[in-house]
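Visitor: Here it is, the structure in full.
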Ligand SMILES: [Zn+2]
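Numbering (this note's numbering), first residue to last: 10 to 413.
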């Protein structure tokens, strides 16, 4: 057992500890506290003027799209951006092309270098499962279903479940299902997914929800640019009837929203939508830099926290964000919501993401029994409010992993 001493320790589960220590035994946290009267001994390491905190959680990304870095320019309207992504992906029909696999490996390395310990990774092809299994990251790979016109929704979902059941999970890597979005997934597919996951202990499930104005328009009226796009690509279902409500209300009334759901984006959510999500115990995953790039708009971060909903953070894919640094998302969130207490945002970047992904027994806080996958952040002279400093934009050069 080794004791690590640091100027600041951020357990997240309690306020920062000034001049504290953490004892690590066989890769796990054994104990923590303030300096003992005996001072520094043989098995003690003084880390100096640093902050030690849990590894970050990127609760929403698409590692398989990493090859699209800098390939899809920003857009002022969301459907235009989606059209550009669809065109870019069509140019790469082989999901296991060497360039795509290389970009996935680079993105995983970049994530770890930026302080991420755990990711929620959305995949249409499951091509990221192998690279993640070989990596240092913990992850849930969400096999994402997208099918608006689904004549046999139950078999469609069953086939997807068979595919993820064939993957070998590990202590650090699991697979689950995601629905793409209410405008691209048939109501009966949502129902089949809900039924498939009902009764399981805790199976996380993800869905892009209330991301754009075009989405809220389509779910309310059945019209607009989404309808045009679905018709254009031959995915329209003439039997579909517009729900006439908000996307959140639509999924809630279908019984889809629960504490296992990660609802991603929420840019267009009203206060009643947020109250509904909070009542269900779902987690809202905000990806503010992506929202700015895709034309979805700025997420109402202050409203998210005021509503009491659980908030986690994602970078989204490299097709819509310049890097996979969760500290950069925190800096954007701070700029959008100067009044939200810093501890709440740090909680979102760690504990909330770990809980939403079902990995809170090992990640998300510094507590005895959890993995010692901990970040050491260099603190500059003069920085006194450590929590606020961590929201100011931290570069990979300022951090390292605790070597245990
Ligand atoms: Zn996404």
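We put the beta carbon where it would ideally sit given N, CA and C, even for glycine.
Taking only three categories from DSSP, how would you classify residue 214?
Guide: The answer is strand: DSSP assigns residue 214 an E or B state.
Visitor: Select from 211, 194, 198, 200 the residue whose C-alpha is nearest the C-alpha of residue 227.
Guide: Nearest option by C-alpha distance: 194.
Visitor: Tell me whether residue 130, by its Cβ, gets closer than 7 Å to a heavy atom of ligand 1.
Guide: The answer is no for residue 130.
Visitor: Would the beta-carbon of residue 335 be found less than 7 Å away from any heavy atom of ligand 1?
Guide: No, ligand 1 has no heavy atom inside 7 Å of this Cβ.
Visitor: Whole angstroms is fine: what's the gap from residue 111's alpha carbon to residue 323's?
Guide: Whole-angstrom Cα-Cα distance: 22 Å.
Visitor: Are residue 362 and residue 211 touching if we call contact CB-CB under 8 Å?
Guide: The answer is no: Cβ separation not under 8 Å.
Visitor: If distances are taken between C-alpha atoms only, which option among 188, 321, 390, 126 comes closest to residue 153?
Guide: Ranking 188, 321, 390, 126 by Cα distance to residue 153 puts 188 first.
Visitor: What's the gap between the Cα of residue 310 and the Cα of residue 294?
Guide: Taking the straight line joining both Cα atoms gives about 11 Å.
Visitor: In this structure, does DSSP put residue 274 in helix, strand or coil?
Guide: It is a strand residue.
Visitor: May I ask you to report which of helix, strand or coil DSSP gives residue 166?
Guide: Note: residue 166 maps to helix in three-state DSSP.
Visitor: Does DSSP put residue 185 in a helix, a strand or coil?
Guide: The answer is strand: DSSP assigns residue 185 an E or B state.
Visitor: Residue 246: beta carbon under 7 Å from a heavy atom of ligand 1?
Guide: No, Cβ of residue 246 sits at least 7 Å from all heavy atoms of ligand 1.
Visitor: Do you know offhand how far residue 399's Cα is from residue 20's?
Guide: Taking the straight line joining both Cα atoms gives about 14 Å.
Visitor: According to the Cβ coordinates, are residue 9 and residue 133 closer than 8 Å?
Guide: Residue 9 is absent from the structure shown; the chain starts at 10 and stops at 413.
Visitor: Would you call residue 220 buried or exposed, if buried means 16 or more other Cβ atoms sit within 10 Å of its Cβ?
Guide: Buried, since its Cβ has 16 or more Cβ neighbours within 10 Å.
Visitor: Can you name, in chain order, every residue of its own chain whose Cβ lies under 7 Å from the Cβ of residue 397, other than the five neighbours on each side?
Guide: The answer, listed in chain order, is 351.
Visitor: Using beta-carbon positions only, say whether residue 359 and residue 319 come within less than 8 Å of one another.
Guide: Going by C-beta atoms, residue 359 is not nearer than 8 Å to residue 319.
Visitor: Going straight from the alpha carbon of residue 246 to that of residue 196, what length do you get?
Guide: Using only the alpha carbons, I get a separation of about 11 Å.
Visitor: Report whether the distance from the Cβ of residue 69 to the nearest heavy atom of ligand 1 is below 7 Å.
Guide: Yes; taking the cut-off as 7 Å, the Cβ of residue 69 has a heavy atom of ligand 1 nearer than that.
Visitor: DSSP state of residue 132, grouped into three classes?
Guide: Looking at residue 132 - three-state DSSP - the assignment turns out to be strand.
Visitor: Which same chain residues, not among the five before or five after residue 155, have their C-beta less than 6 Å away from its C-beta?
Guide: Within the same chain, residue 155 has close Cβ partners 189, 193.
Visitor: Which of helix, strand or coil does DSSP assign to residue 63?
Guide: Strand, per DSSP.
Visitor: Buried or exposed for residue 277, please, with buried defined as at least 16 other CB atoms from any protein chain shown within 10 angstroms of its CB.
Guide: Buried is the call here.
Visitor: Cβ of residue 66 within 7 Å of any heavy atom in ligand 1?
Guide: No, the Cβ of residue 66 stays beyond 7 Å of every heavy atom of ligand 1.
Visitor: Select from 13, 249, 184, 174 the residue whose C-alpha is nearest the C-alpha of residue 198.
Guide: It is 249.
Visitor: Helix, strand or coil for residue 139 per DSSP?
Guide: Correct three-state label for residue 139: helix.
Visitor: Under three-state DSSP, which class holds residue 286?
Guide: It is helical.
Visitor: In whole angstroms, what separates the C-alpha of residue 312 from that of residue 53?
Guide: Near 44 Å, if we compare the C-alpha coordinates of residue 53 and residue 312.
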